[in-house]
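Comments concern the structure below.
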Amino acid sequence: MQSIRHSELYNEVLKELNYKFGDIFIFNGFLISEIKEGVSFSWEEHAKRIINDVLDYTKCDGKDLVYISHRIYSYSLVPTDWLKFFRNSFTIKGYGVIGYDDLSFVNTVIENLFFKKKIRRFNSVESAVNWAKSIDFLED
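For any residue, its number in the working numbering is found by taking its place in the sequence shown, counting from 1, and adding 6.
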């Protein structure tokens, strides 16, 4: 499990956003986050800032973007903060999680209680990116 920065996929990055708490890689139609070890990811401290920066760069409203969480590090998040995301009228086309351990997928089950669509889970970056790039994928 390597960072997007050290993969062939990095050649497709349109913009890289670097924060003290993690890195965001913006591609055509999707973005990949890599949140750093030990971060307690929340709406107020992290997500709101990322959303504003991504939407400012892409000049879109987010509904045509796919968000992929590349969980190469261990961190926690506040799953109920998805409710704040939706309360602020944000939406995304799809949400995928690339996890490399059982805990990552257990956390996804909890997140899915607060996320309005199905969270797709992947074991590799390649499969997540192929899903995000597919024009006609349907959330089930």
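Heads up, the beta-carbon is just placed ideally off N, CA and C, and yes, glycines get one too. Given the structure is predicted, the values throughout are model-derived calculations rather than measurements.
My output table needs one value for residue i: the three-state DSSP class, helix, strand or coil.
{"i": "residue 144", "result": "Because residue 144 carries a pLDDT of 48, less than 50, the predicted location of this residue cannot be relied on, and no value is offered for it."}
{"i": "residue 61", "result": "helix"}
{"i": "residue 71", "result": "coil"}
{"i": "residue 131", "result": "helix"}
{"i": "residue 125", "result": "strand"}
{"i": "residue 104", "result": "strand"}
Taking the C-alpha atoms as reference points, what is the distance between residue i and residue j?
{"i": "residue 144", "j": "residue 8", "result": "With a pLDDT of only 48 at residue 144, under 50, the local geometry of the prediction cannot be trusted, and the value read off the model is given with reservation. The straight-line gap from Cα to Cα measures roughly 28 Å."}
{"i": "residue 22", "j": "residue 77", "result": "17 Å"}
{"i": "residue 5", "j": "residue 20", "result": "Given that the chain is displayed from residue 7 to residue 146, the structure contains no residue 5 and the question cannot be resolved."}
{"i": "residue 126", "j": "residue 140", "result": "14 Å"}
{"i": "residue 58", "j": "residue 29", "result": "15 Å"}
{"i": "residue 133", "j": "residue 50", "result": "31 Å"}
{"i": "residue 69", "j": "residue 106", "result": "27 Å"}
{"i": "residue 62", "j": "residue 15", "result": "23 Å"}
{"i": "residue 79", "j": "residue 128", "result": "15 Å"}
If we cut at 8 Å on Cβ distances, does residue i have a partner in chain B?
{"i": "residue 9", "result": "Annotation note: the requested chain B is absent from the structure, which comprises a single protein chain."}
Using the DSSP secondary-structure output, state which residues sit across from residue i in a beta bridge.
{"i": "residue 22", "result": "31"}
Tell me which residues share the same chain as residue i and place their Cβ nearer than 6 Å to its Cβ, disregarding the 5 neighbours each side in the sequence.
{"i": "residue 45", "result": "27 and 81"}
Cutting at 8 Å between CB atoms, please list the residues of its own chain near residue i, excluding the five before and the five after it.
{"i": "residue 13", "result": "131"}
{"i": "residue 55", "result": "25"}
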